[in-house]
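I have placed the structure first, in the form of structure tokens, so that the comments after it can refer back to it.
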Amino acid sequence: GTRDKSGRAVAIITTRSTAWLNPHCNTDELVRLLLYLRSIPRPECQALGLTVLVDARRCSPVPALFKAFNILQVSCALSLTQMCFYSFLPVQFELLTSMKSLHKHIDTSQLPPELDGTFPYCHQDWLSFRMKLEHLLQGCQGACAFLQGAIYNVESGRLPGRAEEAAVLLRNYRQLMKNVLEDTRLVKLQLEGGALLARLRKEESCVTLTRDYRDALDAAGVLYNQVDEGVHRLVMLSNRRIQELELVMEFEKVDECFKEVSSWIENVGRKGLKEMINLDDSLEMLLQTQKQFREFDLVASEYCKRGQEALKKMDRWEDFSSVDVQAYKVKLQTYREQLEEFCTQLDENRHRVCETVRLYEFFDKVREGVCCRDEGMEECVSPEHCGEVLKCLESYKGQHPHISDARFQEMKELACELRSDKGLKQWKFAWSKCQETKLVFEKKLEAALRTRSILETMEVKPSHVPAAASRKPPPKRLLRKAQSFDLPCGESLCKRPTAGLPAASRRPRGVAAPPPKPGAGAGMWLWRSGPASWSSRRAPSGPSVSSCSKLRHIIDEMVTTEREYVRSLCYIIDSYFPEMERLDLPQDLRGKRSVIFGNLEKLYDFHSQYFLRELESCCNHPLRVSHCFLRHKDQFGMYALYSKNKPKSDSLLASHGNTFFKFKQVQLGDKMDLASYLLKPIQRMSKYALLLKDLIKECSEAQEELGYLRAAEEMVKFQLRHGNDLLAMDAIRDCDVNLKEQGQLVRQDEFTIWLGRKKCQRHVFLFEDLILFSKPKKIEGGFDVYIYKRSFKTADIGLTENSGDSGLRFEIWFRRRKSSDTHILQASTAETKQAWTSDIAKILWQQAARNKEIRMQEMVSMGVGNKPFLDIKPSEAAINDRAIDYIMKGRGARTRASIAVSLFDH
Numbered sequence: 001g002t003r004d005k006s007g008r009a010v011a012i013i014t015t016r017s018t019a020w021l022n023p024h025c026n027t028d029e030l031v032r033l034l035l036y037l038r039s040i041p042r043p044e045c046q047a048l049g050l051t052v053l054v055d056a057r058r059c060s061p062v063p064a065l066f067k068a069f070n071i072l073q074v075s076c077a078l079s080l081t082q083m084c085f086y087s088f089l090p091v092q093f094e095l096l097t098s099m100k101s102l103h104k105h106i107d108t109s110q111l112p113p114e115l116d117g118t119f120p121y122c123h124q125d126w127l128s129f130r131m132k133l134e135h136l137l138q139g140c141q142g143a144c145a146f147l148q149g150a151i152y153n154v155e156s157g158r159l160p161g162r163a164e165e166a167a168v169l170l171r172n173y174r175q176l177m178k179n180v181l182e183d184t185r186l187v188k189l190q191l192e193g194g195a196l197l198a199r200l201r202k203e204e205s206c207v208t209l210t211r212d213y214r215d216a217l218d219a220a221g222v223l224y225n226q227v228d229e230g231v232h233r234l235v236m237l238s239n240r241r242i243q244e245l246e247l248v249m250e251f252e253k254v255d256e257c258f259k260e261v262s263s264w265i266e267n268v269g270r271k272g273l274k275e276m277i278n279l280d281d282s283l284e285m286l287l288q289t290q291k292q293f294r295e296f297d298l299v300a301s302e303y304c305k306r307g308q309e310a311l312k313k314m315d316r317w318e319d320f321s322s323v324d325v326q327a328y329k330v331k332l333q334t335y336r337e338q339l340e341e342f343c344t345q346l347d348e349n350r351h352r353v354c355e356t357v358r359l360y361e362f363f364d365k366v367r368e369g370v371c372c373r374d375e376g377m378e379e380c381v382s383p384e385h386c387g388e389v390l391k392c393l394e395s396y397k398g399q400h401p402h403i404s405d406a407r408f409q410e411m412k413e414l415a416c417e418l419r420s421d422k423g424l425k426q427w428k429f430a431w432s433k434c435q436e437t438k439l440v441f442e443k444k445l446e447a448a449l450r451t452r453s454i455l456e457t458m459e460v461k462p463s464h465v466p467a468a469a470s471r472k473p474p475p476k477r478l479l480r481k482a483q484s485f486d487l488p489c490g491e492s493l494c495k496r497p498t499a500g501l502p503a504a505s506r507r508p509r510g511v512a513a514p515p516p517k518p519g520a521g522a523g524m525w526l527w528r529s530g531p532a533s534w535s536s537r538r539a540p541s542g543p544s545v546s547s548c549s550k551l552r553h554i555i556d557e558m559v560t561t562e563r564e565y566v567r568s569l570c571y572i573i574d575s576y577f578p579e580m581e582r583l584d585l586p587q588d589l590r591g592k593r594s595v596i597f598g599n600l601e602k603l604y605d606f607h608s609q610y611f612l613r614e615l616e617s618c619c620n621h622p623l624r625v626s627h628c629f630l631r632h633k634d635q636f637g638m639y640a641l642y643s644k645n646k647p648k649s650d651s652l653l654a655s656h657g658n659t660f661f662k663f664k665q666v667q668l669g670d671k672m673d674l675a676s677y678l679l680k681p682i683q684r685m686s687k688y689a690l691l692l693k694d695l696i697k698e699c700s701e702a703q704e705e706l707g708y709l710r711a712a713e714e715m716v717k718f719q720l721r722h723g724n725d726l727l728a729m730d731a732i733r734d735c736d737v738n739l740k741e742q743g744q745l746v747r748q749d750e751f752t753i754w755l756g757r758k759k760c761q762r763h764v765f766l767f768e769d770l771i772l773f774s775k776p777k778k779i780e781g782g783f784d785v786y787i788y789k790r791s792f793k794t795a796d797i798g799l800t801e802n803s804g805d806s807g808l809r810f811e812i813w814f815r816r817r818k819s820s821d822t823h824i825l826q827a828s829t830a831e832t833k834q835a836w837t838s839d840i841a842k843i844l845w846q847q848a849a850r851n852k853e854i855r856m857q858e859m860v861s862m863g864v865g866n867k868p869f870l871d872i873k874p875s876e877a878a879i880n881d882r883a884i885d886y887i888m889k890g891r892g893a894r895t896r897a898s899i900a901v902s903l904f905d906h
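Taking UniProt numbering, I'd label the letters of the sequence shown as residues 1 to 906.
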């Protein structure tokens, strides 16, 4: 275990030992011994060679020793350095005649005491250590070789194609594993190897002081670990192979079920589905077809269930990736695709049959109600028969309830969804007949009611009516009375009006309608637009009849488009969200659902569960729609976040998504791509703004709802631009202010700014508590960024709303600063300037009112003031009176920051 000064291992041979007299001490044994000694050091030390020191001071070496040197020198290119104290050798050597010359080659610390060294060497300890170590190494090497053979046998085996062969291989593998795990060498090594290695590490002798000791134990540890790893690898391989063989045996059983299901699908199932392609055009035949399909559906569903259960049993195959299993996985995939395709077609046909039956049941219901004819109008104006006509009409109405427009629209959409030309023709026919019936019903009802009203009026003063008058048309006075009759509570016919009818169709035959008197509108009939409804409400005071009709039209459009919008969001979620779970999803789209779709799912939940229902409840009160918007102001903030994410979504779709989602679009047969659908939330907010604007136009200044409508419109417009504002805020760079603590971002725009004589372009951000100036910087191939320059608390600023004659400038100035620090901002348009000055003024007034209230509370807490004056509350009027009337020469009104800000400026 010692080294010479060149780093070579040193072997010391003493010639005076009696072992040289042993007949087994021959050349071959000496060669083996020297080779063993050379193999002990590390490989890098072996490459340097071996120094053999022969101590021949008292006895000459035997000839066999030098023969062994020559054999090693020639055959193995062993680098030998032989040192002797006495020369009688036939090979090249170096003769050392003194200890001093020896110490030039080998340090004294590497020599035993016999050679005047200090190394405490004990040959008996060395032999004991090497024997224990060799025993452990041989056991590990034998176990490794044994395990490698077993592993090769497992890996080289191929999966059979039949269950019988798989059963034979399964028994062989299990027997192999039993033999391996019960092998005496392996068991003994596992029981004693670790303990022996631990004891060798704890030994203390002259051997433990050498480098070879540590290297030998490290090598033994590595070899012992290889045995453990080999056992583990063999167990894993064997278990996997056994599972694969078991699955082969199981697949043969399941394959019979697959073949039976597949045969039924191809020979019976598809044929049955083809028979359902063309459905009949009568309800009777459709009901018969539905009955036959249900019987077919029961059988088909049973086969589908069996196939799905069989596939579920084989789900474990997905975890195996070996080449042998691939053929079985291909078969399974073929069965799965065939079964899924058939199940999908079965579901579609089931849905189509049920929905077609529902459509034609609706048509049948409409036909039952279309029994009112135009004949018999004479009876409606006949005094003798009008009472009976009214009873018949009321009975007809009770037997045939009103069918709403929404129901008709639903059925039309259903016919379009089913792509049924016959269904659409039936719908158009039913719609026209229903409208015709309603008009006839209305004409008869109105004529009968007028006749009854005239009779009741004539009965009031029977003495003044000649007997012959019953056969003449009633006088004009009585006709005017009949023009403004009210329908009794028990005779209310419908909730909603029919489409506007011509005046002639709403009068009894032969009765001329006189012009209405001023003020007679309190009892007039209010007719609303709508193809399938009518009403007997009196006209309310306020909007005119035409205005009410327009309001009704606007709210109907808002509700109708809202339903379509909700359906579009649902369509995106149902059609495109599952695509993000596909296994072939491009790597760049994985985990990017929130980037592509933003918060669209939350928007759908809000509109479908809350907002749509509230809009529908406003159909009879259009002006109340503003409260729906204002009540959900926080929820509409989701649109700003959606707009903020939209550029990222567009970029990802343009680079990777459009190509991937195009296949789904083609599969759906949709003309619009995903990008077009993702634009709908932005378009919807613009639509809200337009509809609210239309409502405001139809609302008079005297109506209290006008203010709420304007607030709702402003909220929608704010959310429309707030998404872009948030994007711009994220583009601010080098900013040392925490912008999240500055209140809501109100506006952001680009201005030309004068500060003294200095002129520059700045992008300005207005927060509730901060105004920030930044320098815009263009970036090629990306969005603009804004380099932070300076910012001021809104609590420290004042406002001059007009500066100069251009109408585009305003001033931002500061208390406790020089007038030269005033910033003059020039907007691009007068509208931008007006919006900014309005928002800044609002912020300053809010701060003034809040700070004045705080001052009052502080004065009360400090005991300042008298109790009677505590009833005086700060008012906006008082603040206005004190601040706005100050006019500066050449400038507009100034809003003073001292009013809005400082708590200590008394």
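Cβ coordinates follow ideal geometry from the N, Cα and C atoms, glycine included.
As the structure is a computational prediction, the values presented were derived from the model and not from experiment.
Report the rounded CA-to-CA distance for residue i versus residue j, giving the unit in angstroms.
i, j, result
"residue 908", "N278", "Limits of the chain in this structure are 1 at one end and 906 at the other, which puts residue 908 out of reach."
"D769", "F636", "23 Å"
"D218", "E94", "35 Å"
"Q308", "S263", "15 Å"
"I13", "V52", "7 Å"
"H123", "Q190", "30 Å"
"V261", "C343", "12 Å"
"N599", "L727", "16 Å"
"Q110", "L234", "46 Å"
"A19", "C25", "7 Å"
"N645", "K592", "12 Å"
"K740", "M729", "10 Å"
"V231", "T15", "48 Å"
"G530", "D405", "A caution first: G530 carries a pLDDT of 34, below 50, which makes its placement in the model too unreliable to give a value."
"K5", "P113", "18 Å"
"L50", "Y121", "19 Å"
Let me know if residue i comes out buried or exposed under the rule of 16 or more other beta-carbons within 10 Å of its beta-carbon.
i, result
"T356", "buried"
"R236", "Just to set this straight, residue 236 is Met in the shown sequence, not Arg. Answer is exposed; the Cβ neighbour count stays below 16."
"L186", "buried"
"A878", "Here the model assigns A878 a pLDDT of 39, short of 50, so the residue's position is not dependable, and the following value carries that caveat. With fewer than 16 other Cβ atoms within 10 Å, it is exposed."
"L21", "exposed"
"M672", "exposed"
"I824", "buried"
"M715", "buried"
"N267", "exposed"
"I555", "buried"
"V91", "Bear in mind that a pLDDT of 41 at V91, under 50, signals an unreliable position, so the number given afterwards is only what the model happens to contain. It counts as exposed."
Return the first residue and the last residue of the beta strand (DSSP E) that residue i is part of.
i, result
"E750", "L745 to L755"
"I106", "Unbroken run through I106: none, as it is neither H nor E."
"A728", "Counting along the chain, A728 falls outside any beta strand (DSSP E), though it belongs to the alpha helix (DSSP H) covering E705 to D730."
Quick one: give me the first and last residue of the alpha helix (DSSP H) that residue i is part of.
i, result
"Y303", "L283 to K313"
"A11", "Per DSSP, A11 belongs to no alpha helix (DSSP H); it is in the beta strand (DSSP E), A9 to T14."
So who's on the other strand from residue i, going by DSSP bridges?
i, result
"E811", "T800 and I824"
"P43", "Answer is none; P43 lacks a bridge partner."
Legend entry - Validate contact between the region 808-815 and the region 703-720 using beta carbons, cut 8 Å, 3 pairs: no
Legend entry - Stretch-stretch touch, CB-based, cutoff 8 Å, three pairs: the region 258-274 with the region 340-351: Between the region 258-274 and the region 340-351, the count of Cβ pairs shorter than 8 Å is three or higher; the stretches touch.
Inset, instruction - Decide yes or no for the touch test of the region 282-298 against the region 325-341: beta carbon pairs closer than 8 Å, at least 3 of them. - result: no
Inset, instruction - Count the CB pairs spanning the region 615-628 and the region 659-666 that are closer than 8 Å, and state whether there are at least three. - result: no
Legend entry - At least three beta-carbon pairs within less than 8 Å, the region 138-157 to the region 102-109: no
Inset, instruction - Specify whether the region 219-230 and the region 252-267 touch according to this definition: at least 3 beta carbon pairs, one from each stretch, less than 8 Å apart. - result: Under the Cβ criterion (8 Å, minimum of three pairs), the region 219-230 does not count as touching the region 252-267.
Legend entry - Segment contact flag, the region 136-156 with the region 166-181, C-beta cutoff 8 Å, min 3 pairs: yes
Legend entry - Validate contact between the region 672-687 and the region 747-760 using beta carbons, cut 8 Å, 3 pairs: no
Legend entry - Contact between the region 733-753 and the region 795-803 (3+ Cβ pairs under 8 Å): no
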